[in-house]
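Undergrad: Have a look at this one before I ask anything.
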Amino acid sequence: MLTTAIVVPLLGALLVMLLPRGRERLLRMLATAVAAVPLVISARAWFLFDGAAGFDQVETVAWIPTLGAAYTVGLDGISLPLVAMTSLLFVAAIAYPVDLRGQPKAYFALFLFLESVSLGVFLALDLLLFYVFWDLSLVGMYFLIGIWGHGEPARRAALKFFLYTLAGSLALLLAVLALYLSSEPRTFDMAQLIARRPLDDGSLAASLAFAGFALGFAIKAPLVPFHTWLPPAHVDAPAPVSTILAGVLLKMGTYGFIRILLAMMPNTFQRFALPLAILAVVSIVYGALVALAQPNIKRRIAYTSVNHMGYTVLGIAAAGAVVSGHENARTLALVGATVEMVAHGLITGALFLIAGSIWQRAQTYEVGEFGGLARRAPALTGLTALAAFASLGLPGLAGFVAEFQIFIGTFALYPWLAAVGLLGIIITAALFLHLLQRVFFGELPERWSGWGDLSAVELVSLTALLLFVVAIGVAPAPLLAVIEAGVRPFIGR
Amino acid sequence: MSNMGALPIADVLPELILLGGAVSTLVFALFTPQRVQAWAAALALGSVGATVMATVPLLQGSQRLTFAATYAVDGAALWAKLIILGVTAVTIALSVDWFARDPRHGEYYTLLLLSALGAMLLAGAADLMQITLGVLLSSATGSVLIAYHRRSRRASEAAIKYYLLGALANGAMVYGVVLMFGLAATTTLSGLLAGLDAAHSLPLVAATGLMVVGLAFKMGAVPAHAWVPDAADGAPAPVAAFITTASKVAALIVLARLVMVLPESSVGWRPLIAVIAAATMTLGNVTALWQDDVRRLLGWSAVSQTGYGLMAIVAVGRSDLAIPSLLYFLVAYACANLAAFGVVVELRGEASRQRYTGLAAGHPLLALALVASFLSFVGIPPLAGFAAKLALFGATIDAGYSWLAVVAAINTVVSLFYYARMLGPAYFGPAESEQRQEPLPTFGSWAAVSIAATATALVVFGIWAQPLFAVFRAVRLLPD
Chain H
11 MLTTAIVVPL LGALLVMLLP RGRERLLRML ATAVAAVPLV ISARAWFLFD GAAGFDQVET
71 VAWIPTLGAA YTVGLDGISL PLVAMTSLLF VAAIAYPVDL RGQPKAYFAL FLFLESVSLG
131 VFLALDLLLF YVFWDLSLVG MYFLIGIWGH GEPARRAALK FFLYTLAGSL ALLLAVLALY
191 LSSEPRTFDM AQLIARRPLD DGSLAASLAF AGFALGFAIK APLVPFHTWL PPAHVDAPAP
251 VSTILAGVLL KMGTYGFIRI LLAMMPNTFQ RFALPLAILA VVSIVYGALV ALAQPNIKRR
311 IAYTSVNHMG YTVLGIAAAG AVVSGHENAR TLALVGATVE MVAHGLITGA LFLIAGSIWQ
371 RAQTYEVGEF GGLARRAPAL TGLTALAAFA SLGLPGLAGF VAEFQIFIGT FALYPWLAAV
431 GLLGIIITAA LFLHLLQRVF FGELPERWSG WGDLSAVELV SLTALLLFVV AIGVAPAPLL
491 AVIEAGVRPF IGR
Chain Y
16 MSNMGALPIA DVLPELILLG GAVSTLVFAL FTPQRVQAWA AALALGSVGA TVMATVPLLQ
76 GSQRLTFAAT YAVDGAALWA KLIILGVTAV TIALSVDWFA RDPRHGEYYT LLLLSALGAM
136 LLAGAADLMQ ITLGVLLSSA TGSVLIAYHR RSRRASEAAI KYYLLGALAN GAMVYGVVLM
196 FGLAATTTLS GLLAGLDAAH SLPLVAATGL MVVGLAFKMG AVPAHAWVPD AADGAPAPVA
256 AFITTASKVA ALIVLARLVM VLPESSVGWR PLIAVIAAAT MTLGNVTALW QDDVRRLLGW
316 SAVSQTGYGL MAIVAVGRSD LAIPSLLYFL VAYACANLAA FGVVVELRGE ASRQRYTGLA
376 AGHPLLALAL VASFLSFVGI PPLAGFAAKL ALFGATIDAG YSWLAVVAAI NTVVSLFYYA
436 RMLGPAYFGP AESEQRQEPL PTFGSWAAVS IAATATALVV FGIWAQPLFA VFRAVRLLPD
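Chains H and Y, in that order, give the protein sequences.
Under our numbering, the first residue of the first sequence is numbered 11, with each subsequent residue one higher.
Under our numbering, the first residue of the second sequence is numbered 16, with each subsequent residue one higher.
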């Protein structure tokens with residue numbers, strides 16, 4: 011069944027390409043319907059999830075047995091919430107109306123292709139398959155930014171994105187091969203690599219492989235100082251693409267830290283946990299400070315992603331800081347990091363869609379050009395405020411659940427780093443409040459007197475995302491139960 | 016084997032058939048009027064087909080040396096021959112429209128077949144004299160093919176460069192052969208394997224270096240790579256496709272054969288090949304970065320790809336992935352290179368990068384083929400180039416040459432820059448400031464079919480990698 015979630019969007023992409031030049035509205039409806047299939051499947055997977063140790067709902071087909079590679083998919087308590095979040099975000103992003111420059115077919119086909127490979131990354135239980143999906147997500151994203159981005163800068167941004175993240179993937183590929191070559195018999199199978207941990211002996215090879223993986227994931231996440239590809243890619247990409255980039259693609263990096271480094275190389279991880287935590291805190295504070303200084307709405311949201319992914323990595327680093335002991339704190343940190351991935355996906359996804367709505371109406375992102383929009387667009391204002399509050403970590407919303415657990419967990423292991431990291435939350439609060447105040451309150455400039463509020467589709471898409479943000483904030487238990495089941499094998503060994 | 020009554024003709028049946036095909040094509044071209052000359056292509060294609068039919072059954076037989084251990088009938092040689100024959104068939108298809116107005120149409124195919132024969136002889140060579148013969152036959156025909164448009168100044172320049180550099184490199188190689196013969200008193204590789212004494216290290220190092228230079232010329236590796244971009248640019252585009260592919264296949268296979276007989280302790284050939292590999296890929300990629308001439312860009316890209324292929328040679332004898340990765344790389348490279356040059360041929364040899372802007376709007380399928388080819392060069396899954404790079408990197412790390420794998424990874428990122436510099440504009444269209452262009456004129460269906468075939472092969476061999484890997488795993492490289 012999980013395979014269906016990967017295959018259906020792929021077939022949908024082919025179908026869209028083969029259709030005659032159709033109307034944009036119809037194509038959008040078709041693509042949204044196709045994108046909804048994985049959402050249904052992940053809901054089903056959620057109900058079937060048994061919470062036992064090991065991977066659940068595994069499907070496997072021989073692929074290159076000569077090399078020990080197979081098509082294996084399945085999930086655990088960490089990947090399941092990410093898969094669900096990914097499929098929800100794709101439905102909202104595909105349904106969201108933006109200017110398609112007269113090329114709707116290619117747009118929807120690429121988008122569905124991207125959905126297929128993104129789900130593949132989170133579902134893959136074979137390192138080679140994981141890498142294949144990982145790399146393909148770059149290709150899809152490159153064309154989406156390049157073709158539908160905002161003008162000439164978008165091409166440079168697309169190229170920069172492709173080059174940076176390909177550098178990361180190749181570091182990843184070399185590390186994957188190092189892990190593969192050290193296994194005996196050689197295999198790419200994740201479950202076996204987790205059970206046997208062939209390259210976790212404190213050798214130089216283990217450290218180098220760790221460095222390769224960490225570089226690949228740190229570029230993707232991104233951690234400062236590997237983040238420089240992110241702001242231009244976000245600013246110049248069309249809004250739904252930014253949503254997926256921030257909501258889904260960045261998660262691949264942090265997911266890799268957990269799925270591969272924490273699971274397959276815990277001893278090596280422990281030796282590098284402190285530097286990783288320091289990088290995370292630098293990302294938290296630097297991301298927040300730079301975001302505060304941005305006059306461009308989208309750039310500001312983009313830098314808050316650097317900040318939020320910093321929280322996630324801080325939680326992961328704390329969870330891997332020791333191999334045994336501090337069980338409760340490490341569980342909290344890792345659960346918090348996973349919740350943060352889901353929360354950031356939903357919240358920042360919504361914020362980027364909102365940025366897209368603003369661009370559609372104004373063709374600018376400059377904070378200084380707006381003001382008083384609350385009077386013209388109450389729905390837009392309300393939903394933006396909700397998303398902004400969720401992003402700055404207001405209790406009762408998803409971001410709080412995540413950050414609270416991360417910091418509680420980290421305090422036990424790295425008290426000073428946690429204390430410094432908290433600064434990030436304060437700065438984020440300041441920058442979002444400033445944004446809300448400047449854009450939605452005060453004088454309404456003359457040129458926006460005809461500003462229209464959200465359309466029905468925009469309203470439904472945003473509400474769907476923010477509904478989950480509120481639900482996770484108010485009643486996190488069902489989500490936490492699944493994630494705790496996934497986290498348990500990492501802590502108690 | 017030495018006192019055998021009858022020659023084992025069956026072992027070289029493919030080569031004989033191809034030779035027969037070349038001669039018949041020549042006779043046909045000499046005695047038929049100009050208007051039916053194009054049928055020479057069909058005759059050549061038929062000969063290639065017959066040669067393939069004669070080669071395939073040999074795969075079932077035992078992998079062995081034949082003709083007094085001077086010629087190998089092993090998996091590596093047979094697969095290399097099949098790749099070369101495939102390359103030749105595609106080249107013939109690419110040539111039909113390109114040469115349609117050339118009055119000397121017929122003889123061209125004779126030369127092409129003879130050049131392919133030279134590459135095949137080289138791929139199977141298990142004797143130093145035999146290696147020399149293969150190199151010379153493919154070089155001699157190669158320079159004529161490059162200069163086939165004799166009124167083109169650029170073609171003559173490329174041919175002269177190819178000829179002079181070839182003369183130098185081949186001369187070096189013959190010196191190497193002589194030295195090696197002097198050391199071991201035999202020219203067969205199996206004899207060298209037994210007879211080369213680690214004690215003669217200095218002359219052996221010299222002999223190895225000289226032979227490597229000769230083969231570097233054939234594959235387009237540093238230090239004898241300089242002809243590649245000129246040939247890619249100046250030669251008729253189908254010839255460029257052929258000459259940057261077929262001889263590379265043969266030279267890499269024979270180099271793998273040669274290094275196997277060298278005593279590792281005294282010659283240090285592994286570091287030598289590793290350094291040549293690193294230099295070749297880096298030089299090729301860095302020079303290609305700002306190329307605005309598409310054909311030169313493909314030429315430099317071909318140089319850099321040789322560097323990747325040499326990684327497999329570094330691992331020969333140390334990693335069981337070495338031979339499978341080399342063969343997989345050759346398949347992937349041949350398909351991608353032919354697809355890319357095929358697009359150039361189909362666009363009537365258009366070489367200006369700027370003219371490819373907006374290609375996807377006018378010729379969506381050609382643009383798609385270009386994407387498949389370039390991303391396969393980069394090694395993006397699920398294209399064949401990915402499986403090849405995976406195996407190459409794996410073999411290199413396995414052989415203890417992780418630094419070379421890192422160099423190759425960095426090079427891959429660099430190479431994406433110039434490939435994307437072509438793909439980006441092709442898809443993203445002209446900038447607002449530029450004029451929209453008319454779609455470029457194209458040739459007919461022959462080239463289009465070959466492009467479709469090679470681009471499809473890239474996807475098929477990328478996803479469905481198991482069958483080839485399983486076969487290549489069982490391949491032997493004699494005299495192992």
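Glycine included, every Cβ here is placed at the ideal spot set by N, Cα and C.
Mind reading off the beta-carbon distance from alanine 290 of chain H to alanine 256 of chain H? Whole number of angstroms is fine, and I expect it under 8 angstroms.
TA: Contact doesn't hold; Cβ gap of about 17 angstroms is too wide.
Undergrad: Can you tell me whether leucine 214 of chain H is buried or exposed, with buried defined as 16 or more other CB within 10 angstroms of its CB?
TA: Exposed: under 16 other Cβ atoms inside 10 Å.
Undergrad: Under 8 angstroms, with one C-beta from each stretch per pair, do the region 206-217 of chain Y and the region 240-251 of chain Y reach the 3-pair mark?
TA: Taking 8 angstroms as the limit for Cβ pairs, the verdict is that the region 240-251 of chain Y does not touch the region 206-217 of chain Y.
Undergrad: For valine 192 of chain Y, which of Y:Asn426, Y:Leu143, Y:Ile161 has the nearest alpha-carbon?
TA: If we check each option's Cα against that of valine 192 of chain Y, Y:Leu143 comes out closest.
Undergrad: List the DSSP bridge partners of leucine 85 of chain H.
TA: Partner(s): H:Asp66.
Undergrad: Going by the DSSP bridge assignment, what does glutamate 379 of chain H pair with across the sheet?
TA: Looking at the DSSP assignment, glutamate 379 of chain H forms no beta bridge with any residue, so it has no partner.
Undergrad: Under 8 angstroms between C-beta atoms, does proline 454 of chain Y make it to chain H?
TA: It does not; no Cβ of chain H falls within 8 angstroms.
Undergrad: Look up alanine 140 of chain Y in the DSSP assignment and say whether it is helix, strand or coil.
TA: Here alanine 140 of chain Y sits in strand by DSSP.
Undergrad: With a threshold of 8 angstroms between beta carbons, is glycine 156 of chain H in contact with chain Y?
TA: Judged by the 8 angstroms Cβ criterion, glycine 156 of chain H is in contact with chain Y.
Undergrad: Could you spell out the range, first to last residue, of the alpha helix (DSSP H) harbouring leucine 233 of chain H?
TA: Leucine 233 of chain H -> no alpha helix (DSSP H), and no H or E assigned at all.
Undergrad: Anyone know if the C-beta pair for serine 319 of chain Y and serine 391 of chain Y falls short of 8 angstroms?
TA: Against a cut-off of 8 angstroms, the Cβ pair of serine 391 of chain Y and serine 319 of chain Y comes out as no contact.
Undergrad: So, do the region 81-96 of chain H and the region 489-498 of chain H have three or more beta carbon pairs nearer to each other than 8 angstroms?
TA: Judged by Cβ distances under 8 angstroms, the region 81-96 of chain H makes contact with the region 489-498 of chain H, as three or more pairs qualify.
Undergrad: Check each candidate in Y:Arg168, Y:Leu342, Y:Ala87, Y:Pro286 and name the one with the smallest Cα separation from glutamine 145 of chain Y.
TA: Out of Y:Arg168, Y:Leu342, Y:Ala87, Y:Pro286, Y:Ala87 has the C-alpha closest to the C-alpha of glutamine 145 of chain Y.
Undergrad: Please look up how many angstroms separate the CB atoms of arginine 309 of chain H and valine 258 of chain H, rounded, as I've assumed it's under 8 angstroms.
TA: Not confirmed; about 20 angstroms, so no contact.
Undergrad: Pull up the distance between the alpha-carbon of methionine 16 of chain Y and that of aspartate 89 of chain Y, whole angstroms please.
TA: Reliability fails at methionine 16 of chain Y, whose pLDDT of 44 lies under 50, so the model's placement of it is uncertain and the value that follows must be treated cautiously. Going from the Cα of methionine 16 of chain Y to the Cα of aspartate 89 of chain Y covers about 17 angstroms.
Undergrad: Residues bridged to asparagine 306 of chain H by DSSP?
TA: Bridge partners of asparagine 306 of chain H: H:Glu376.
Undergrad: Would you mind stating whether alanine 406 of chain Y and glycine 477 of chain Y have Cβ atoms separated by less than 8 angstroms?
TA: The answer is no: Cβ separation not under 8 angstroms.
Undergrad: Taking Cβ-Cβ distances below 7 angstroms as the criterion, which residues of the region 322-352 of chain Y are in contact with chain H?
TA: Within the region 322-352 of chain Y, no residue qualifies.
Undergrad: Please check if any C-beta of chain Y sits within less than 8 angstroms of the C-beta of leucine 21 of chain H.
TA: Judged by the 8 angstroms Cβ criterion, leucine 21 of chain H is not in contact with chain Y.
Undergrad: Of all the CB atoms in chain H, is at least one closer than 8 angstroms to the CB of phenylalanine 408 of chain Y?
TA: By this cut-off, phenylalanine 408 of chain Y is an interface position.
Undergrad: Would you be able to state if there are at least three C-beta pairs under 8 angstroms between the region 453-460 of chain Y and the region 350-366 of chain Y?
TA: The region 350-366 of chain Y is in contact with the region 453-460 of chain Y.
Undergrad: Taking the DSSP output, what are the residues bridged to valine 71 of chain H?
TA: DSSP, once it has assigned bridges, lists H:Tyr81 as partnering valine 71 of chain H.
Undergrad: Under the DSSP definition of a beta bridge, which residues are partnered with threonine 203 of chain Y?
TA: Answer by DSSP bridge pairing, in chain order: Y:Asp142.
Undergrad: Using three-state DSSP, classify valine 88 of chain Y as helix, strand or coil.
TA: Note: valine 88 of chain Y maps to strand in three-state DSSP.
Undergrad: With a floor of 4 residues, list each alpha helix (DSSP H) that falls wholly inside the region 382-427 of chain Y, ordered by position along the chain.
TA: You should have 399-413.
Undergrad: Compare the C-beta of tryptophan 73 of chain H with all C-beta atoms of chain Y and state if any pair is closer than 8 angstroms.
TA: It does; some Cβ of chain Y falls within 8 angstroms.
Undergrad: Kindly provide the ranges of any alpha helix (DSSP H) runs that are 4 or more residues long and lie completely inside the region 409-451 of chain H, ordered along the chain.
TA: DSSP runs (the alpha helix (DSSP H)) wholly in the region 409-451 of chain H: 425-450.
Undergrad: To the nearest angstrom, report how far apart asparagine 18 of chain Y and tryptophan 54 of chain Y are at their CA atoms.
TA: Unreliable positioning characterises asparagine 18 of chain Y in this predicted model, as indicated by a pLDDT of 47, which lies under 50. The coordinate reading is nonetheless provided below. Computed Cα separation, rounded: 44 angstroms.
Undergrad: For the region 372-404 of chain H, which residues have a CB atom closer than 7 angstroms to at least one CB atom of chain Y, in sequence order?
TA: Here the close residues number zero.
Undergrad: Counting along the chain, where does the alpha helix (DSSP H) carrying leucine 21 of chain H start and finish?
TA: 12-28 is the extent of the alpha helix (DSSP H) around leucine 21 of chain H.
Undergrad: For leucine 183 of chain H, does the three-state DSSP call read helix, strand or coil?
TA: Note: leucine 183 of chain H maps to helix in three-state DSSP.
Undergrad: Buried or exposed: where does alanine 72 of chain H fall if 16 or more other Cβ atoms within 10 Å of its Cβ makes it buried?
TA: Classification of alanine 72 of chain H: exposed, given that the 10 Å Cβ count is below 16.
Undergrad: In chain Y, what lies closer than 8 angstroms to valine 142 of chain H by C-beta?
TA: Here the neighbours are Pro396, Pro397, Phe401.
Undergrad: Does any residue of chain Y bring its CB to less than 8 angstroms from the CB of valine 83 of chain H?
TA: False, the Cβ-Cβ gap to chain Y never drops below 8 angstroms.
Undergrad: Quick one: measure Cβ to Cβ for leucine 492 of chain Y and alanine 271 of chain Y, integer angstroms, because I've assumed they're closer than 8 angstroms.
TA: Going by Cβ atoms, the distance from leucine 492 of chain Y to alanine 271 of chain Y rounds to 6 angstroms, so yes, they are a contact pair.
Undergrad: Does the distance from the CB of alanine 384 of chain H to the CB of leucine 472 of chain H come in under 8 angstroms?
TA: Contact flag unset, no.
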